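Colleague:
There are 6 protein chains.
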Amino acid sequence: MTASSSSPSLAERLRHDEAIVTAWSSLAMPMLAEALGRSGYGAVTLDMQHGQHDIASVREGIAATRLSGAHSVVRTPVDDFASVSRVLDFGAEAVIMPMVNSVDDALALVGAAKFPPMGARSWGPHRAAMLKGESPAAYLAGANRETLALAMIETPAALAALDDILAVDGLDGVFVGPGDLSLTLSAGAEVVPGSDRVQTVAADIAVRTRAAGKIAGIFCNAAEDARGAQKMGFRFMAHGVDMSLLMEAAGAASAVLD
Amino acid sequence: MTASSSSPSLAERLRHDEAIVTAWSSLAMPMLAEALGRSGYGAVTLDMQHGQHDIASVREGIAATRLSGAHSVVRTPVDDFASVSRVLDFGAEAVIMPMVNSVDDALALVGAAKFPPMGARSWGPHRAAMLKGESPAAYLAGANRETLALAMIETPAALAALDDILAVDGLDGVFVGPGDLSLTLSAGAEVVPGSDRVQTVAADIAVRTRAAGKIAGIFCNAAEDARGAQKMGFRFMAHGVDMSLLMEAAGAASAVLD
Amino acid sequence: MTASSSSPSLAERLRHDEAIVTAWSSLAMPMLAEALGRSGYGAVTLDMQHGQHDIASVREGIAATRLSGAHSVVRTPVDDFASVSRVLDFGAEAVIMPMVNSVDDALALVGAAKFPPMGARSWGPHRAAMLKGESPAAYLAGANRETLALAMIETPAALAALDDILAVDGLDGVFVGPGDLSLTLSAGAEVVPGSDRVQTVAADIAVRTRAAGKIAGIFCNAAEDARGAQKMGFRFMAHGVDMSLLMEAAGAASAVLD
Amino acid sequence: MTASSSSPSLAERLRHDEAIVTAWSSLAMPMLAEALGRSGYGAVTLDMQHGQHDIASVREGIAATRLSGAHSVVRTPVDDFASVSRVLDFGAEAVIMPMVNSVDDALALVGAAKFPPMGARSWGPHRAAMLKGESPAAYLAGANRETLALAMIETPAALAALDDILAVDGLDGVFVGPGDLSLTLSAGAEVVPGSDRVQTVAADIAVRTRAAGKIAGIFCNAAEDARGAQKMGFRFMAHGVDMSLLMEAAGAASAVLD
Amino acid sequence: MTASSSSPSLAERLRHDEAIVTAWSSLAMPMLAEALGRSGYGAVTLDMQHGQHDIASVREGIAATRLSGAHSVVRTPVDDFASVSRVLDFGAEAVIMPMVNSVDDALALVGAAKFPPMGARSWGPHRAAMLKGESPAAYLAGANRETLALAMIETPAALAALDDILAVDGLDGVFVGPGDLSLTLSAGAEVVPGSDRVQTVAADIAVRTRAAGKIAGIFCNAAEDARGAQKMGFRFMAHGVDMSLLMEAAGAASAVLD
Amino acid sequence: MTASSSSPSLAERLRHDEAIVTAWSSLAMPMLAEALGRSGYGAVTLDMQHGQHDIASVREGIAATRLSGAHSVVRTPVDDFASVSRVLDFGAEAVIMPMVNSVDDALALVGAAKFPPMGARSWGPHRAAMLKGESPAAYLAGANRETLALAMIETPAALAALDDILAVDGLDGVFVGPGDLSLTLSAGAEVVPGSDRVQTVAADIAVRTRAAGKIAGIFCNAAEDARGAQKMGFRFMAHGVDMSLLMEAAGAASAVLD
Ligand SMILES: [Mg+2]
Ligand SMILES: [Mg+2]
Ligand SMILES: [Mg+2]
Ligand SMILES: [Mg+2]
Ligand SMILES: [Mg+2]
Ligand SMILES: [Mg+2]
């Protein structure tokens, strides 16, 4: 399956309430991103925060994901707003900013992700337009609608400010981080993303996000978490970290003689 | 032509009102930067904002440009002041900071680009000194004068603050971004860098910059823009993006049989 | 334009007497290969003999070319038969072996390029099959017909053995090297690929190759050489070396003020 | 588990009839090799023939495998005897040469893999000695015994010459390639490594190899093949290609909602 | 010597008042970091501020240092708090932030370096845990104690705020930069790290740091500086920059015939 | 010191009996080669046989060495004649082929290293000509004289054939490998390059090489070996391996407190 420029975008599909499962690419190797995209995922998210990706591997990984026909998404490092614009220039269809804990954080994200008048993204999307097979003018016309800015909600502060964050014009949705939610809700005591407490909070975020007419995404450690999230109203589910997928499969294969 | 340490620096040449055309290196390949430098350009600007360059490619690209005999310049990502110091440490002769919209932005640029007492650049220029064939002490003595800090003027806010920005001690000049000017002046409606409106603004920037005794640079999409800019008083003209140069030439060559 | 698995292959197109112009990629940067493929060329040839390519850049460059929709071809180093198989495993649609001066050379090329019983290519084309969107079994069924082995004819010895070389089963065609032909025909005195002597020899090679029912390709320095080659009967014309295309265009752009 | 210099070597373990399962690293990323080594495998084989590895990725991948505590093995390209010595210099504990079809091929392998008087390996193992924590003199004393030269048996010609190949002094063992055996035994008609014909041949190779007092290894596509091979007398079983392990696991994870 | 997970950590050793000499890795090559670690150093510090390191080279360099058995430390660029978390995720045992000039700077460092409730470090240390051979839960339990946050004291502002900086909970110690101290104390006039003025200030910092119960580190240009620093109470001494070590040794070796 | 195109070539200097000391670059990092070239060496030899260099690092390392002003030399892997031509195309001024044990080996080296009529080197030296600042025609005119083909003499077979090897037209000289000489003369028992036996043989090689009017080079482990070699008549002395230089210096620096 190869995406043509007439295929629906990730933004379109999510706005039409389609559920999309994204792979989580932590390893800085473009061909692995392509392989994930060829394995059934609708999207591949390249992780620059906790994963191994850097500017070079994201630049190449977005093209490799395109070759697979999957949508490409990038999670940037915390507060790295310059990289938000850069990865969109490279052709990412969505960007996930971690630790958006306030309206100011959300505004900064929109500022970097959206062209004027919505934001202050600087002009230079030639690589992205090339990958879409569009002219620069066509890219400009569609960009603010077709490239998604997603804010991670993963702390008590973010929960407290959630409705205001959701009201920020240009913010397309949220992405829940259950690991950090567990850590921050427990004041550093544990990381149990599947706990009742975290899942209850997640469900609430989904409801409020959908009520605000925005996209709800979430990181899912276990398969049942992904199915549960879909029921909660989430539509953009991350499930499957490349390193874990490989090591679990390798653990089984290496034990073939036992 | 290979630059020796006794050749005039980019700073010296621009302060003597010499017109310099710089190539625009968007592709993260050092040998391409060298090739641009060998093709007649006075300088090669490595673009980390909208181009594909990262720390590694800039680090190598500056040395490759040095081998060509051309001056090396780097445009950093927005607000990435840490990289300002880093690329100067790698041997860039000038740094261009995008989206300098206020005196505070300009002060932050000078802070990162100039050693005390003018700024707060941290000590560690051994690679730059090696490329210049200088001792560290000699490098220190000349650095604040010989390495240029250029602020991009490309928004209404920057235009409003222009005279104050130009008054910032240690800021060596400005660099006009006609694409973003067009985008921001039209509130996101268009990118027409050659429009009368943008060109009129550019000419005004040139006049005010020269009046302040500083260097005026500009990005030029078309050949006539470059010649026009020179007449307006600009002296540092970017003209020729590697990717576009290649693709246009390739488009013609591939059509050889038609 | 993105090639789907149902598009005609390079082999099919050349066997149907279609004329194909290939870019010549000498720079070891995958995105440049993609850019060439997006500029109008039917194919991109990655050069490991005199160009800068190595195994890693060819591995990535073939995928990048695929993304552009162009066919990918690789010229290997002299006598590097192991790389013949490797680049086919990576998904190259044709391989060009330089300095095929004897039937033995041609047999070695076929041995490396074709599966049994035609040759002795070893099994392991999973990456190539992935890029074609084929199962391994389907790849096996088509490989000997769909991947081309082209022998460079560029010395007096090759000319003397030409008919026997052309008679080697599994050799799909020849590729003329006018530079080396000029050098070897002049006993090292000159490299004038457009000389009458070289062009006369080239024309003769085209005639004999077509008479043998095989594909005739040639490297063309000048545009008129490419058009002349087409008239001689060549159908696979290389025209446009990335480095030269860039440097000529850069030379013109850098002189914008003169 | 981190290997110390006093851990038994791969050679020792195999000579003591211990069964070792090796991962098959086809992707040119050192950290993936390390991850395979941490997943339970006794060894990691880096594949330069059909995999994506090149000199640089093998050089780094051997160190990464060392960090995991697993043994490192390299399969070189066909007839690439220079690389045999190079990967041993980099610290590989065994080298697998594909397509050893004659005594001459086996002698060339031994020539490259063993120091005089057994072979003609050239002196320069400083990196390998560093990774082992040995002095160069200690490395020399043990190298011919501690680094394994394994010949792939995968064609009718190799089968015909098997006893003579096994008699070559310095050849430590064989490694069966069922895919190529299937292809060559069927004259190019099929690749069915698990067929009765291939498995019968494999069992015969195991018996004759053990009779000659040498090590028998084999590539195993399916888990039952690996267990069957152990019963046949094989002790060095490759099972689990990184790319396949990842894609199968990703295929399952991406279908979480279905 | 290979570090096992039961070896004492860098934090433990420094808290037990052990003196540790760290190499200074300025060159972005992982194997050089490993070589430094194998040469007798207790730790290797990878420098992203003035050195050539970037995210990719640090990611690989930490693993390479681990292979050598030495502790790994990273100095980040100025104000690059996102990288503080990233390099800890990659497995660095300590992070050095340059230009910590205020309590706010110190708080930001702690925020990025420590998990809640001490800081706001986000959860994702799987690579670091893998390198330590720990489960994620065990990593969480020890992380805030076992990974060090060190603040560079190198300006008059930092000196003025020193006691308050030292009082910041979660800040593990300071690292003195004599080069920048010399530069800033002289208002840009000189860089003489061994001057009496600088050394007197350094001694005072050591005393106050130890009084606050924290770790004192310092960069030492000359051997006598390192010995002097130990006497002043410093315990983490950087001495030996890879590039200088190499060039001085090469200068001597190249003059062998003179 | 930067080499200009009018500086004497390495070939010229050696033919005028000038003694040149070359660094030995084993680490695949171009900037280290440049650093060696800036440290006083006349030349830098990039080692692809036992060192870590590959095609990519040699391609970049030659340019980096050029930037330093030193001459660049490459030692290729054993029998890798394709790489002989490639590294000359990249701009190496000399190539050293290991294990030249017969006249046939020497002829193959000359075949790859020299243009017709002397050899069969294929045409494509555009990068080398660019680095020299020459036109392709000028490069052709000088290449066979200005690029050196050096054969390693390091086995009893080579010693036996030495006079015939020296008589091969186009072979510019020999390079003695005392390590392998020691190993092969002792039938694998030892590597003692400074032994009387090896040094006596080396001295004899120097005499016979000079008598044949050719260049004599040698690898020198110890400083006294280099001085001794010069007295024996050698003029191209390798002394100083980057890894050893670094590790010895690091060993001393890390012990600063002891
Ligand atoms: Mg999180
Ligand atoms: Mg702009
Ligand atoms: Mg040719
Ligand atoms: Mg096989
Ligand atoms: Mg400092
Ligand atoms: Mg040798």
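Protein chains in written order, with UniProt numbering: chain U, 1 to 258; chain Z, 1 to 258; chain H, 1 to 258; chain Y, 1 to 258; chain L, 1 to 258; chain A, 1 to 258. Glycine is no exception: its CB is placed at the ideal position from the N, C-alpha and C atoms. No experiment lies behind these values; they were computed from the predicted model shown.
Would you call residue 13 of chain L buried or exposed, if buried means 16 or more other Cβ atoms sit within 10 Å of its Cβ?
Modeller: Start at 1 with the first residue of the fifth sequence, and residue 13 of chain L comes out as number 13. The residue is buried, with at least 16 neighbouring Cβ atoms inside 10 Å.
Colleague: Compute the beta-carbon to beta-carbon distance between residue 229 of chain Z and residue 220 of chain Z, rounded to the nearest angstrom, for a pair I have assumed lies under 8 Å.
Modeller: As a working mapping, residue 229 of chain Z is identified with position 229 in the second sequence. As a working mapping, residue 220 of chain Z is identified with position 220 in the second sequence. That belief holds up - the Cβ atoms of residue 229 of chain Z and residue 220 of chain Z are roughly 6 Å apart, short of 8 Å.
Colleague: Name, going along the chain, the residues of the segment 64–75 of chain L whose beta-carbon falls closer than 9 Å to a beta-carbon of chain Y.
Modeller: Of all residues in the segment 64–75 of chain L, 64, 66, 67 have a Cβ within less than 9 Å of some Cβ in chain Y.
Colleague: Hey, residue 243 of chain Z and residue 27 of chain Z: beta-carbon distance below 8 Å or not?
Modeller: For the purposes of this step, residue 243 of chain Z is taken as residue 243 along the second sequence, with counting starting at 1. For the purposes of this step, residue 27 of chain Z is taken as residue 27 along the second sequence, with counting starting at 1. It is a contact, given that the beta carbons lie within the stated cut-off.
Colleague: Could you tell me the distance, in whole angstroms, from the CA atom of residue 97 of chain A to the CA atom of residue 226 of chain Y?
Modeller: Position 97 of the sixth sequence, counted from the start, is the residue given in the question as residue 97 of chain A. Position 226 of the fourth sequence, counted from the start, is the residue given in the question as residue 226 of chain Y. Those two C-alpha atoms are separated by around 43 Å.
Colleague: Could you give the distance in angstroms between the alpha-carbon of residue 15 of chain H and the alpha-carbon of residue 210 of chain H?
Modeller: As a working note, residue 15 of chain H is residue 15 in the third sequence. As a working note, residue 210 of chain H is residue 210 in the third sequence. When rounded, the distance between both Cα atoms is 11 Å.
Colleague: What is the chain-ordered set of residues for which the beta carbon lies under 5 Å from any non-hydrogen atom of ligand 7?
Modeller: Of the ligands this structure carries, namely ligand 1, ligand 2, ligand 3, ligand 4, ligand 5 and ligand 6, none is ligand 7.
Colleague: Quick one: does residue 88 of chain U have its CB under 8 Å from some CB of chain L?
Modeller: On the first sequence, residue 88 of chain U is found 88 positions in, with the first residue counted as 1. By this cut-off, residue 88 of chain U is not an interface position.
Colleague: Is residue 193 of chain Y close to ligand 4? I mean its beta-carbon at under 7 Å from any heavy atom of the ligand.
Modeller: Within the fourth sequence, numbered from 1, the residue matching residue 193 of chain Y stands at position 193. Outside the cutoff, so no.
Colleague: Taking the continuous beta strand (DSSP E) assigned at residue 45 of chain L, which residues delimit it?
Modeller: Along the fifth sequence, one-based indexing puts residue 45 of chain L at 45. Segment 43–47, the beta strand (DSSP E) holding residue 45 of chain L.
Colleague: Along the beta strand (DSSP E) that carries residue 219 of chain A, what are the first and last residues, could you check?
Modeller: Counted from its first residue, the sixth sequence places residue 219 of chain A at position 219. Here the beta strand (DSSP E) through residue 219 of chain A covers 215–219.
Colleague: Is residue 118 of chain A helix, strand or coil by DSSP?
Modeller: Here residue 118 of chain A refers to the residue found at position 118 when the sixth sequence is read from its first residue. Looking at residue 118 of chain A - three-state DSSP - the assignment turns out to be coil, as it is neither helix nor strand.
Colleague: Hey, out of Z/19, Z/54, Z/255, whose CA is closest to residue 82 of chain Z's CA?
Modeller: Position 82 of the second sequence, counting from 1, holds the residue named residue 82 of chain Z. The option with the nearest alpha carbon to residue 82 of chain Z is Z/54.
Colleague: Determine whether the Cβ of residue 4 of chain A lies closer than 8 Å to any Cβ atom of chain Y.
Modeller: Position 4 of the sixth sequence, counted from the start, is the residue given in the question as residue 4 of chain A. Because residue 4 of chain A carries a pLDDT of 46, less than 50, the predicted location of this residue cannot be relied on, and the following value inherits that uncertainty. Output row for residue 4 of chain A: interface = no.
Colleague: I need the DSSP call for residue 203 of chain Z, collapsed to helix, strand or coil.
Modeller: Here residue 203 of chain Z refers to the residue found at position 203 of the second sequence. Helix, per DSSP.
Colleague: Touch check for the segment 244–255 of chain L and the segment 27–40 of chain A: three-plus C-beta pairs under 8 Å?
Modeller: Yes, they touch.
Colleague: To the nearest angstrom, how far is the alpha carbon of residue 10 of chain U from that of residue 90 of chain L?
Modeller: By one-based count along the first sequence, residue 10 of chain U stands at place 10. By one-based count along the fifth sequence, residue 90 of chain L stands at place 90. Approximately 31 Å, taken between the alpha carbons.
Colleague: May I have the straight-line CA-CA distance separating residue 135 of chain Y from residue 129 of chain Y, to the nearest angstrom?
Modeller: The sequence position of residue 135 of chain Y within the fourth sequence is 135, counting from 1. The sequence position of residue 129 of chain Y within the fourth sequence is 129, counting from 1. If I take the Cα positions, the gap works out to 6 Å.
Colleague: Return the bridge partner residues of residue 25 of chain U from the DSSP annotation.
Modeller: Position 25 of the first sequence holds residue 25 of chain U. Paired residues: U/46.
Colleague: Is residue 98 of chain H near ligand 3, in the sense that its beta carbon is under 7 Å from a heavy atom of that ligand?
Modeller: In the third sequence, counting from the first residue as 1, residue 98 of chain H sits at position 98. Result yes, Cβ under 7 Å from ligand 3.
Colleague: Within 10 Å of its beta-carbon, does residue 200 of chain H have 16 or more other beta-carbons around it, so buried, or fewer, so exposed?
Modeller: On the third sequence, position 200 is the one that residue 200 of chain H refers to. With fewer than 16 Cβ atoms within 10 Å of its Cβ, residue 200 of chain H is classed as exposed.
Colleague: Could you tell me the alpha carbon to alpha carbon distance between residue 117 of chain L and residue 157 of chain U, rounded to whole angstroms?
Modeller: Numbered from 1 along the fifth sequence, position 117 holds the residue referred to as residue 117 of chain L. Numbered from 1 along the first sequence, position 157 holds the residue referred to as residue 157 of chain U. Taking the straight line joining both Cα atoms gives about 14 Å.
Colleague: At which residues does the alpha helix (DSSP H) containing residue 110 of chain L begin and terminate?
Modeller: Here residue 110 of chain L refers to the residue found at position 110 when the fifth sequence is read from its first residue. Residue 110 of chain L -> alpha helix (DSSP H) spans 103–113.
Colleague: Please work out which residues of its chain come closer than 8 Å, Cβ to Cβ, to residue 49 of chain H, disregarding the five sequence neighbours upstream and downstream, and give them in chain order.
Modeller: As a first step, residue 49 of chain H is located in the third sequence; it is residue number 49 there, counting from the start. 75, 76, 77, 78, 98, listed in sequence order.
Colleague: Between the segment 40–54 of chain U and chain Z, which residues of the former have a C-beta closer than 9 Å to a C-beta of the latter?
Modeller: From the segment 40–54 of chain U, only 54 have a Cβ closer than 9 Å to chain Z.
Colleague: Alpha helix (DSSP H) containing residue 228 of chain H: first to last residue?
Modeller: Against the third sequence, residue 228 of chain H aligns to sequence position 228. Run containing residue 228 of chain H: 223–232, per the alpha helix (DSSP H) assignment.
Colleague: So, at 6 Å on beta carbons, what are the nonlocal neighbours of residue 30 of chain L in its own chain, with the 5 sequence-adjacent residues on each side left out?
Modeller: Locating residue 30 of chain L in the fifth sequence gives position 30, where the first residue counts as 1. 60, 61, 64.
Colleague: Within the same chain, show all residues whose beta-carbon is closer than 7 Å to that of residue 162 of chain A, passing over the 5 residues directly before and after it, in chain order.
Modeller: To locate residue 162 of chain A, count along the sixth sequence from 1; it is residue 162. Around residue 162 of chain A: 153, 205, 208.
Colleague: Considering only heavy atoms of ligand 4, does any lie closer than 7 Å to the CB of residue 152 of chain Y?
Modeller: In the fourth sequence, counting from the first residue as 1, residue 152 of chain Y sits at position 152. Result yes, Cβ under 7 Å from ligand 4.
Colleague: Can you pull out the residues from the segment 178–194 of chain H whose beta carbon lies closer than 7 Å to at least one beta carbon of chain A?
Modeller: Of all residues in the segment 178–194 of chain H, 179, 180, 183, 184, 187, 188, 191 have a Cβ within less than 7 Å of some Cβ in chain A.
Colleague: Taking Cβ-Cβ distances shorter than 7 Å, what residues in chain Z pair up with residue 230 of chain H?
Modeller: Numbered from its first residue, the third sequence carries residue 230 of chain H at position 230. Within 7 Å Cβ-Cβ: 257.
Colleague: If we call anything under 8 Å between Cβ atoms a contact, is residue 93 of chain L one with residue 110 of chain L?
Modeller: If you number the fifth sequence from 1, residue 93 of chain L lands on position 93. If you number the fifth sequence from 1, residue 110 of chain L lands on position 110. No, the pair does not count as a contact, with Cβ atoms beyond the cut-off.
Colleague: Can you pull the chain A neighbours of residue 130 of chain Z, defined as C-beta to C-beta under 9 Å?
Modeller: Here residue 130 of chain Z corresponds to residue number 130 of the second sequence, with the count starting at 1. Going along chain A in sequence order, the residues near residue 130 of chain Z (Cβ under 9 Å) are 34, 35, 38.
Colleague: Restricting to Cα atoms, I'd like to know which of L/171, L/182, L/235, L/167 is closest to residue 124 of chain Z.
Modeller: Your numbering for residue 124 of chain Z matches position 124 in the second sequence. The shortest Cα separation from residue 124 of chain Z among L/171, L/182, L/235, L/167 belongs to L/182.
Colleague: Could you pull out every residue in the same chain whose Cβ sits closer than 7 Å to the Cβ of residue 36 of chain H, ignoring the five residues on either side in sequence?
Modeller: What you label residue 36 of chain H is simply residue 36 of the third sequence in a count that begins at 1. These residues qualify, in order along the chain: 23, 25, 44, 242.
Colleague: Interface residues of chain U around residue 56 of chain Z at Cβ under 8 Å?
Modeller: The sequence position of residue 56 of chain Z within the second sequence is 56, counting from 1. What residue 56 of chain Z touches in chain U: 56.
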